[in-house]
Amino acid sequence: MTAAKTKGPWVVKLGGSLAASAALLPWLAALGGIEVPLAIVPGGGPFADRVRDMQSTWGFDESAAHAMALLSMEQLGLMLASLEPRLRPCIDLQDFSDSFESRRPALWLPGVMTLEADDIEESWDVTSDSLAAWLAGRLGARGLVLVKSAEPPAGTADAATLARRGLVDGAFARHLADSGVDCWCVGADGPELFAAALARNLPPGCRVHPC
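Numbering (the working numbering), first residue to last: 798 to 1008.
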């Protein structure tokens, strides 16, 4: 493990695939107990999958699909907040500031901040992975961690390699580079150990470079 920066919050993207996993509740319990500043980004999970299916059936445009995908992240986020009441839903930067000050983990509902953002493409190349990197940049995060149901490579990897393996989206490399934030990727095992490592500022997992 390599120590991360010491200022700013952690941003943890919780993969939407965990929504159908027995690992979900242990992860929520572990993240809910973290007292360092923390922002959680929910994936879209089965809600986003349904948007893809409906677009394939009806052929509506990318702008509508993008907005619907953002709402799918909010749907999963509201589910997570109900399952773990220590998480505080946040829609803007003031909400994040209030959450960090109160020492409650923040849970991002992305629509307000992203729906009309000029630097976010309306494309399926941009999923919650890229949006997590985008948020990390806005928050001046000390680091970004992607939690995936599939195990990442050991050691280090570049974002393009992870994209080819289906672990991140096609736009992630650019958004990670733009954010200027250090990034790691971990599998779904051991949420309690992960939380303890994060509290010590020693994120585990594969170190991810933009290129």
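No residue lacks a Cβ here, since even glycine has one placed at the ideal position from N, Cα and C.
Residue span of the alpha helix (DSSP H) that contains residue i, given as start and end
{"i": "V848", "result": "842-855"}
{"i": "V909", "result": "908-911"}
{"i": "L877", "result": "859-880"}
{"i": "A996", "result": "988-996"}
{"i": "R901", "result": "Run containing R901: none; DSSP gives neither H nor E here."}
Residue interval of the beta strand (DSSP E) (run including residue i)
{"i": "A938", "result": "A938 -> no beta strand (DSSP E), and no H or E assigned at all."}
{"i": "P834", "result": "No beta strand (DSSP E) contains P834, which DSSP labels as neither H nor E."}
{"i": "D955", "result": "953-955"}
{"i": "R885", "result": "885-887"}
{"i": "R1004", "result": "1003-1006"}
{"i": "L973", "result": "Per DSSP, L973 belongs to no beta strand (DSSP E); it is in the alpha helix (DSSP H), 969-976."}
{"i": "V965", "result": "No beta strand (DSSP E) holds V965; DSSP gives it neither H nor E."}
{"i": "V809", "result": "807-811"}
Nearest-angstrom Cβ-Cβ length linking residue i and residue j, presumed shorter than 8 Å
{"i": "P806", "j": "L828", "result": "Contact doesn't hold; Cβ gap of about 13 Å is too wide."}
{"i": "G840", "j": "M870", "result": "7 Å"}
{"i": "A1009", "j": "G874", "result": "Any property of residue 1009 remains undetermined from this structure, which presents the chain solely from 798 to 1008."}
{"i": "E919", "j": "S853", "result": "E919 to S853, Cβ: 17 Å. No contact."}
{"i": "P950", "j": "P823", "result": "In fact, because the Cβ distance is near 24 Å, the residues do not count as touching under 8 Å."}
Cβ shell of residue i (< 7 Å), same chain only, five flanking positions each side left out
{"i": "A954", "result": "C1003, V1005"}
{"i": "L912", "result": "A864, L867"}
{"i": "F969", "result": "D926, S927, A930, A956, A960"}
{"i": "Q872", "result": "F844"}
CA nearest to the CA of residue i, picked from the options
{"i": "G940", "options": "E948, Q891, W981, R962", "result": "W981"}
{"i": "L1014", "options": "S853, A996, L932, E948", "result": "One cannot answer for residue 1014 here, as it falls past the ends of the chain, which runs 798 to 1008."}
{"i": "P843", "options": "S814, E859, D916", "result": "S814"}
{"i": "A938", "options": "L821, V833, A820, W824", "result": "V833"}
{"i": "L825", "options": "D915, R962, R901", "result": "R901"}
{"i": "A819", "options": "A992, A985, S899, L990", "result": "A985"}
{"i": "L906", "options": "C1008, D966, C887", "result": "C887"}
{"i": "E881", "options": "W921, L904, S899", "result": "L904"}
{"i": "K810", "options": "V942, A878, T958", "result": "V942"}
Residues near residue i in its chain [Cβ-Cβ closer than 8 Å; skip 5 each side]
{"i": "L936", "result": "G805, P806, V808, A836, L890, F893"}
{"i": "D975", "result": "D916, A930, W931, G934"}
{"i": "F857", "result": "M851"}
{"i": "L1011", "result": "Here the chain comprises residues numbered 798 to 1008, so residue 1011 is not present and cannot be evaluated."}
Residue i versus residue j - alpha carbon distance
{"i": "G812", "j": "R997", "result": "23 Å"}
{"i": "R883", "j": "V923", "result": "29 Å"}
{"i": "L973", "j": "A817", "result": "27 Å"}
{"i": "K945", "j": "P1000", "result": "15 Å"}
{"i": "W855", "j": "A862", "result": "11 Å"}
{"i": "G952", "j": "F897", "result": "31 Å"}
{"i": "G977", "j": "C1008", "result": "12 Å"}
{"i": "R849", "j": "D966", "result": "15 Å"}
{"i": "D846", "j": "V838", "result": "17 Å"}
{"i": "G963", "j": "D979", "result": "20 Å"}
{"i": "S899", "j": "R971", "result": "33 Å"}
{"i": "A878", "j": "A914", "result": "25 Å"}
Other residues of its chain near residue i: CB distance less than 6 Å, five sequence neighbours each side excluded
{"i": "L755", "result": "The chain is shown from 798 up to 1008; residue 755 falls before or after that span and cannot be answered."}
{"i": "A994", "result": "P1001"}
{"i": "E948", "result": "G984"}
{"i": "R885", "result": "S896, R901, A903"}
{"i": "W921", "result": "none"}
Cβ-heavy atom distance, residue i to the ligand FMN, below 7 Å
{"i": "L873", "result": "This structure does not include the ligand FMN; it has no bound ligands of any sort."}
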